[in-house]
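According to the working numbering, the sequence shown holds residues 310 to 581 in order. Everything below concerns the one structure shown next.
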Amino acid sequence: MGFYEFFGVTIPFDPDCTFVSSHILSPLALGIFRLAIAIYTLVALIIIVVWNGVKTHTLKSFFSYFTNLCYIGMCAYFWASAVQTLAFSARLRKAAAAKARPTEGREYPLQQWPRFFQLLHVFLACTIFVFPFVVTIVFWALLADGAFSSEFNSWKNISVHALNAGFALLEILFSRIVPRWANILILILVLGGYIGVAYITHATQGFYTYSFLNPSHGTGKLVGYIVGIPVAAIIILAIIKGVCWIRDKIFSSRAPRPQDDEYHLREKGSRV
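Printed below as a string of structure tokens:
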């Protein structure tokens, strides 16, 4: 098994179109759902960045926070997945209009892109399935003091520390993606890399992004957090894999198979 295959980037890539289809929603509905979240997260990021730059003058530390990096990743994922899904829907519509064979039109742009970009999409999807829950749990368990101190803080914390997990959960339920165990390596690599970012921030800007990373509170606690959070991420990944298994068992017998979409398109006109 090669490097790409180890992470699920096969040739052909995603032959069952699991990244752009759903047991519940049509490709068009799934694309619109993803686009709606993409727009919301982008608008939220713009507002937060402008507020930090103009009102609180803390913009220089914006990229030092794991929460913000995860939210940027979520925004990027939903934009990328929305574009791919809507392109998939458009090709299905075109194939149906042309009365093409059932196997024609069942493709989307990412399948023809270089494998490196396919790999990046797989990695991004895995982080979106796991990190929003890590961020939400850690924030509300350890860092939530003053979360509702003002209207802006209330909206911001609901958006980046609550809705983020809600968006991730909906994506898990509506999509057909199943994260691989191999992605544990990516999760650990990202979390380990962020520890470096946090201490670089302390060295260059003089503060700890998260108080539990301060070694003055006790080396034992610090080690506990550094080890415990990746372990929690792995546990969350295991739970998500279980949820995906249950999802597929429940809905695969109740919903039309994605590979039959062309037939349903012909029966229902151009609706996808």
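Ideal Cβ positions, reconstructed from N, Cα and C, are used throughout, including at glycine.
- The Cβ neighbour count for Val352, taken over all protein chains shown within 10 Å, is under 16; the residue is labelled exposed.
- The DSSP assignment places no complete beta strand (DSSP E) segment of no fewer than 3 residues inside the segment 314 to 388.
- In the three-state reduction of the DSSP assignment, Ser561 falls in the coil class.
- Counting along the chain, Ala407 sits inside no alpha helix (DSSP H), nor does DSSP assign it H or E at all.
- With contacts defined as CB atoms closer than 9 Å, Tyr349 and Leu433 fail to qualify as a contacting pair.
- Scanning Val506, Val499, Lys550, Lys530 for the CA closest to the CA of Pro539 turns up Val499.
- One Cα belongs to Val359, the other to Lys369, and the distance between them is close to 12 Å.
- When secondary structure is reduced to three states using DSSP, Gly515 falls in the coil class, being assigned neither helix nor strand.
- Per DSSP, reduced to three states, the secondary structure at Tyr503 is helical.
- Taking 8 Å as the upper bound for CB-CB distance, Cys435 and Asn492 are in contact here, some 4 Å apart.
- Taking the Cβ atoms as the reference, Gly382 lies roughly 7 Å from Ile437, within the contact range of under 8 Å.
- DSSP, reduced to helix, strand and coil, places Arg415 outside both helices and strands of the structure shown, so it counts as coil.
- Between Ala338 and Ala396, the alpha-carbon positions lie close to 12 Å from each other.
- For Phe426, the secondary structure class from DSSP, reduced to helix, strand or coil, is helix.
- Across the set Ala347, Ala405, Leu428, the C-alpha of Leu428 shows the shortest separation from the C-alpha of Phe316.
- The beta carbons of Ser484 and Phe328 sit closer together than 9 Å.
- Judged by DSSP in its simplified three-state form, Asn523 adopts coil rather than helix or strand.
- Pairing Thr394 with Gln420, the inter-Cα distance amounts to about 12 Å.
- Residue burial is scored here from C-beta neighbours: Ser335 has at least 16 other C-beta atoms within 10 angstroms and is therefore classed as buried.
- Across the structure, Ile355 and Val444 are spaced so that their CA atoms are roughly 20 Å apart.
- Close CB contacts of Tyr313 within its chain, under the 7 Å cut and outside five residues either way in sequence, are with Arg424, Leu428 (chain order).
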